[in-house]
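Encoded as structure tokens, the structure appears first; notes follow it.
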Ligand SMILES: Nc1ncnc2c1ncn2[C@@H]1O[C@H](COP(=O)(O)OP(=O)(O)OP(=O)(O)O)[C@@H](O)[C@H]1O
Ligand SMILES: Nc1ncnc2c1ncn2[C@@H]1O[C@H](COP(=O)(O)OP(=O)(O)OP(=O)(O)O)[C@@H](O)[C@H]1O
Ligand SMILES: [Mg+2]
Ligand SMILES: [Mg+2]
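Residue numbers (our numbering), protein chains in the order written: chain A, 1 to 519; chain B, 1001 to 1318; chain C, 2001 to 2263; chain D, 3001 to 3485.
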């Protein structure tokens, strides 16, 4: 029902973003699209719904939905097609949710069935509470993962015939991810809904799709039955991609005891934080040593970001103390002197929102470089290029505006900016959620080197246990706003004690197992 | 809850503000040259008489005393008496206030939707032919001085092709409502400026709002344009618009002077101007305070609206 | 663009340049704009090609002399008002608490005073002069600009990039000017052109209210001669057209600029 | 002269009587309610007042005439006056006019809050007595032979004793006030009017602040008669066959002047005053500043009014002026001016050009009309300033304006002059007094301080065919108006 014929999309400089891409999505087909960050996945997804971002243009080819060329049809037709057939989940829902609409209205807007009950079930399907109080909240009152799921629920409530999902599982913990995926699966099976599943999560792709397309630099480097591609990859890139995936089991076996910890840099004691009227963090304490890498684990909505924000001072905690190198920090960012502000850097979960839409990303990084290191404009420019290189961003991206970058590229800009500040405590909130395994691994290796060489302490929030096992030394598990588990990676994850931990571990699925079989 | 506290805080602030305004007004009318005494006496007055009248009006006493009395009175809604006609200011102002109120209400009813509509259209079709045209027209409309606009309107619609009354003359024992046609020209004159000006800001706000990701997302979801605009786009455009319309309304209350003179519309501004001419300080200060009150209220409302629309501000509680 | 478009645009540009030229260099050519040369409202003659105005002065001379005051005072005043408003609004929206309170009060007080009153009081106090008109424009313009700015800023400070910038060690000032300003300035700039027009009409209004409008200026000319428009249309038409071209050009120019800067 | 022919005699125009007439008149929102003789300002309120009340005496068609009075006679030394009242006059409420009413009225008018109290300053109010039903005796504080023209003619509306609520005025005039709403006042004809039933059944007096608005209202047919239109308006409508522009003539005009204060340098030198007067081209001033809607004046108020010493026209004489200036060594002067009446600024500019021809540099110090009269106290301290008076009989004008206490004594008359003025005022015999005032006028003409250059006529406009509008002391009366047949 959707047919892409020789689609070629280029940016204003003529550099192609999609190269003569041809693809057919039949009724009920489930097609996975994986590939490097910046490969053109989102561009493809948008093309499917007949949209092209400003700064890009269609050079050649068509996208036919039920025979209608959505790239050339008038707005009215396109609208009808979208409403009738297509459901598109944008890459970072947080910014795509209208901030002035309560959850209830967000859901009813597109819904085919607008009854109270229906709304509640839609929320339940994605593992969100359906109660009235929750329905009365606004998007900004949700955690990243919750926003992600809200967007998904909103989308599915329209019962489209084809779902086009751009990285629907980013920022979801194992359990929720499990639930969401089986929901989707269920939907697909029951109603024969077609699926275009863009993801960096190969395991999810394996589970959800029959046909897999591997994109690299705007080109299809390999495609075929998902099992085939994942089982016996032919293209070099695909192999590299698979190799980069961190699998919990193997990593745990590989895991080596860390060197003796350095001095404590960051200490959080009795931290209690309230969001709205609800206590989100309840007397949380933890330590971070120099050069150490501490993973913060927990189900979506358990308070990880809140913790991160309270530590950086972006959010004023109800009670508790944060000390940096022995000195107690002011509760709010505004009260902290420049030096202290720079020493703790947060790479926020919503990287898009953290970039000034009106400033070229290069300038954004360069400014921090100059301020932090007191460099001349020239030196700063060089340093900026270097940093962007480190996170795998070509310098040609430097003078683009955030909206002219891919999701993953934006995320990496945010990382580069944090690095530029030269912090000794780095808090990474889901920093690899939008990155493919390969690029993600590269970024994490970069962080490791920072730790070992500069003794930077790392607090990383992630749902990818494989990554935790590969890059973390210690794990803290949050649940219901309390620390329920704390210890070296191998014994916390190897022999999980607390049931939350156990559940999370159980939910971690290696790519290999599931490939082929349809769970 | 935060909303209520906010409202209370704002209103408290408003009162404080009014006091300051009162002080400034008083000082201002002190600066205004001339005294009620010589103005209210006939041309044949002798020097003694002027002095005597001064004493009667109390303008010879030092200002602090008079200020305190005035404020004290104002709190009891007693704004003193006109030095010209001897009537209580409150009575004197009631009718014009009502008249202006009507004029403003009608003008607002016309120009706010108009400005919204035009602003939206040109904002959504930015840089299109329609947008360009509207912009040019708006600019012209704003650039022509009010008295010229009013004058031309009379010339064309009351004189050359007599279809409308030249001055706003309500029927005996009635109000403008009994003869709506007399409102047409004044309202047009005011709207031309108001709508044109406001539409420019609306346009800008709409352009900004149109660029936000959630609006794009709403379109990609295939929602009808109408829904996209009303539910997703407009809320983002509210803050500047709210301020604009608050300014428009309050501005209208005090700023209809020219129109009122040209169309002989017996409104507040005429009272104000006449008061200035006659050095009728009591009236001047009274009207001034009244206008100030209206304006402050308008802007408090604007703030409330902004806060009501954007939940993030509400939590921030500012 | 098509050939025709080019021609059209070219002509427009020429017209605008001509008007600006008249405004800037007219005074050099103008004879004695205040000299009464004949009876009021007399028609065109070799001596005075555009006839005379409401008090028998040569319209052409006044047109030539009457542009410059408008390109100086209103522009300066409007720029001042906008800058001031921006500063206050940004400060108020960004620093909650005391600053905000003070700024808001200030706005309310200024907004609370009817413009007519401000105009009259100042004109009485200082008489008609560039300073007075500037003051009036600033006093009446600033608070509104500041209100809009504040409202927009309040929203912007909640945005992630503002926090991020500050967290990476930027000072309040650079956060305000580099991060927030570009994201809120559009409505303010959109208002700028209008404000300019208002400033111009204010200078005219001063004459209208019977204050010496300090030498000829196109705005004042309109108000002086509008009553006799049936007797000598050109006394109003010519300055009106020139004025119109000037303000419209200024506005559309600004629009273009804004469009460029904030793509 | 005192011919007893009553004002408001039989109808003037020959056209049809009019069922109702709408009149647009100047009016400010802050004006007190029309019809209160104790608080009348200008325009609408004054018109209503004149139609509702009769006065003891009025100035009609340039003659003093009795209205409610039948005769007014002084005693030997003019310290006490006896007023005989017309009989058979009834108030709107049917009561007959009695001496008691006059006593009451005069006392009320003479005391605050009446804003014309100053007119009665010389009357010994408490001692006013009713001799019989139709005779009133008015004692004065000082001998005044000009009691009639300086007091009764100026302002003497009569209302019944006991009338306190002036929102429901009761007079003996040709009209009764029926209702008031907004700025409109409705008057209906008084069937029993002693002077004969008015020809217009209903008058609607509509207050309209702005002259332009009044004219456009007339053209739009919203009013039938516009009181006070601008010269420009008159010129614009000159060709309009639908309208008739009514010119008040010098008798109903403002007398425009550039006042020189003889007490202050350089005008303490009579040669300078003379030179300025000779340097001015009055015709040019009138043609330019008044668009020709006026007549040149010859330095003394009162032209075309009783008691005017028909003075010779003052011709321009540049050489003479130059010589005098040179002798007095004057090369520069400063004029305080402003648009206090339409055209004044313009006239000032032109005067500057005219003086330049006489070799004198005149600098204009422009003020706003509001600022101009800001402080009456200081008016008499400016050497040279633009000024205007309403054209009144010379005697009345000189008495009111040129005496020592008048704030408007802007020409700084000398003690000697004021002595003569007082003497003249005291002269009981009409002929002798008139002669005395003539002398005063001649003196003023010779070396007074006014450069009185023109009379700005009252300009009204009315629908074609509306005739018989009379002007009494610059106030329009409509009781004898006839419409298009
Ligand atoms: N402004 C707010 N008002 C009320 N509740 C909020 C607000 N922001 C977040 N919450 C709630 O606080 C809880 C913790 O939010 P937080 O963002 O810390 O979760 P998280 O651990 O980061 O989840 P995720 O992994 O999905 O990002 C969530 O349940 C969320 O619903
Ligand atoms: N508006 C734009 N103007 C110019 N180039 C753009 C624009 N938007 C995206 N690009 C470029 O197009 C390429 C593909 O972008 P796209 O968002 O499709 O990548 P992606 O596969 O979705 O990456 P990610 O997995 O990080 O989201 C990127 O290199 C990006 O820099
Ligand atoms: Mg993408
Ligand atoms: Mg989070």
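We put the CB at the ideal spot given by N, CA and C, even for glycine.
At least one heavy atom of ligand 3 lies less than 7 Å from the C-beta of residue 42 of chain A. Residue 166 of chain A has its CB nearer than 7 Å to a heavy atom of ligand 3. In terms of Cα proximity to residue 1119 of chain B, the closest of B:1206, B:1230, B:1019, B:1022 is B:1206.
Under the DSSP definition of a beta bridge, residue 69 of chain A partners with A:64.
In the DSSP secondary-structure assignment, residue 11 of chain A is bridged to A:56. Residue range 3200 to 3207 is occupied by the beta strand (DSSP E) that includes residue 3204 of chain D.
Taking 7 Å as the cut-off, the C-beta of residue 429 of chain A counts as close to a heavy atom of ligand 4. At a cut-off of 7 Å, the beta-carbon of residue 406 of chain A counts as near ligand 3: some heavy atom of the ligand is closer than that. Relative to residue 3454 of chain D, the option among D:3334, D:3314, D:3476, D:3475 whose CA is nearest is D:3314. If you check the CB distance, residue 3403 of chain D and residue 3418 of chain D come in under 8 Å. Per DSSP, residue 302 of chain A lies in no alpha helix (DSSP H) and is assigned neither H nor E. Contact between residue 2033 of chain C and residue 2065 of chain C holds, with the beta-carbon distance rounding to 4 Å and staying under 8 Å. Between the alpha carbons of residue 3193 of chain D and residue 3358 of chain D lies a distance of about 59 Å.
Within the DSSP secondary-structure output, residue 33 of chain A pairs in a beta bridge with A:198, A:213. Chain order gives no chain C residues near residue 3228 of chain D, where near means a beta carbon separation below 7 Å; the closest approach is about 14 Å. Residue pairing for residue 2011 of chain C: DSSP places it in no beta bridge. Under the Cβ distance rule, residue 3282 of chain D does not count among the residues neighbouring chain C, no pair being separated by less than 8 Å. The Cβ of residue 332 of chain A sits no closer than 8 Å to any Cβ of chain C. For the beta strand (DSSP E) assignment, the region 1161 to 1202 of chain B encloses no uninterrupted run of at least 3 residues. Of all residues in the region 1208 to 1221 of chain B, those with a C-beta nearer than 9 Å to a C-beta of chain A are 1211, 1212, 1213, 1214, 1215, 1216, 1217, 1218, 1219, 1220, 1221, reading in chain order. In this structure the region 447 to 459 of chain A does not lie against the region 154 to 165 of chain A, because fewer than three pairs of beta carbons, one per stretch, are closer than 8 Å. About 7 Å separates the beta carbons of residue 3291 of chain D and residue 3232 of chain D, which is inside the 8 Å limit, making them a contact pair. DSSP, reduced to helix, strand and coil, places residue 3104 of chain D within a helical segment of the structure shown. In the three-state scheme derived from DSSP, where H, G and I count as helix and E and B as strand, residue 3351 of chain D is classed as helix. If you draw a straight line from the Cα of residue 1149 of chain B to the Cα of residue 1189 of chain B, it comes to about 6 Å. Of all residues in the region 105 to 131 of chain A, only 105, 109, 110 place a beta-carbon less than 9 Å from a beta-carbon of chain B.
Relative to ligand 2, the nearest heavy atom lies less than 7 Å away from the CB of residue 11 of chain A. Note that the C-beta distance between residue 300 of chain A and residue 145 of chain A is below 8 Å. Chain-ordered listing is empty here: chain D has no CB closer than 7 Å to the CB of residue 1259 of chain B, the nearest sitting near 11 Å. The beta carbon of residue 238 of chain A sits no closer than 7 Å to any heavy atom of ligand 4. In the three-state reduction of the DSSP assignment, residue 3385 of chain D falls in the strand class, which pools E and B.
Rounded to the nearest whole angstrom, the C-alpha separation of residue 185 of chain A and residue 1012 of chain B is 58 Å.
Annotation for residue 305 of chain A indicates a beta carbon within 7 Å of some heavy atom of ligand 4. Scanning chain A for C-beta atoms nearer than 8 Å to the C-beta of residue 1310 of chain B yields 99, 100, reported in chain order.
In terms of CA proximity to residue 178 of chain A, A:204 leads the group A:132, A:204, A:331, A:109. The Cβ of residue 2068 of chain C sits no closer than 8 Å to any Cβ of chain B.
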